[in-house]
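Novice: Quick note: the sequence shown uses our numbering, first residue 3, plus one each step.
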Amino acid sequence: MYKKGDKSDPSNYRPISMLTSFSKVLEKALYRRLIQHIDNNNNILNEQQFGFRKRLSTEDAIFKLTHEVLNALNNRTMVGSIFCDLEKAFDSVNHSLLIKKTFLLWYKGQS
Numbered sequence: 003m004y005k006k007g008d009k010s011d012p013s014n015y016r017p018i019s020m021l022t023s024f025s026k027v028l029e030k031a032l033y034r035r036l037i038q039h040i041d042n043n044n045n046i047l048n049e050q051q052f053g054f055r056k057r058l059s060t061e062d063a064i065f066k067l068t069h070e071v072l073n074a075l076n077n078r079t080m081v082g083s084i085f086c087d088l089e090k091a092f093d094s095v096n097h098s099l100l101i102k103k104t105f106l107l108w109y110k111g112q113s
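1. Kindly identify the DSSP beta-bridge partner or partners of Tyr-109.
2. Curious, which full-length beta strand (DSSP E) runs of at least 3 residues does the region 82-108 contain?
3. Pull up the distance between the alpha-carbon of Phe-24 and that of Leu-67, whole angstroms please.
4. Who are the near neighbours of Val-81 in its chain, counting only those whose CB is closer than 7 Å to its CB and skipping five residues on each side?
5. List, from N- to C-terminal side, the beta strand (DSSP E) runs of 3 residues or more that fit wholly inside the region 8-61.
Structure (structure tokens):
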């Protein structure tokens, strides 16, 4: 499915998965278990992680950034920031390595 940019560039398309009903149910069940686990174990995600979390959004991230900058300016301390565009960051991840590390983290949590 076309995303944006040059239509002749294959990287501007995302794949469409034709999942069976069973796969969709399994995916939703796994998603709910994962979210429940993350919510019950506050130390898994850094408190600065705003994306893909319940009750947190990009607006919350912007508010926190603005609040921190204004506090620093009011306290006459130096303020600096670095912004990175991570739009296609997941595309550059070695997925087999990611799965392996995820499994190892899960396995360590089971013992």
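Where a beta carbon is used, it is the ideal one built from N, C-alpha and C, also for glycine.
Specialist: With the structure as the only source:
1. In the sequence shown, the residue the question calls residue 109 occupies position 107. As far as DSSP is concerned, Tyr-109 takes part in no beta bridge.
2. Whole beta strand (DSSP E) segments, 3+ residues: zero.
3. Here the question's residue 24 lines up with position 22 in the sequence shown. Here the question's residue 67 lines up with position 65 in the sequence shown. So the two alpha carbons sit approximately 42 Å from each other.
4. Taking the first residue of the sequence shown as 1, we reach residue 81 at position 79. In chain order, Val-71, Ala-74, Leu-75 place their CB closer than 7 Å to the CB of Val-81, counting only its own chain and leaving out the 5 sequence neighbours on each side.
5. Counting only unbroken stretches of 3 or more residues, no beta strand (DSSP E) element lies wholly within the region 8-61.
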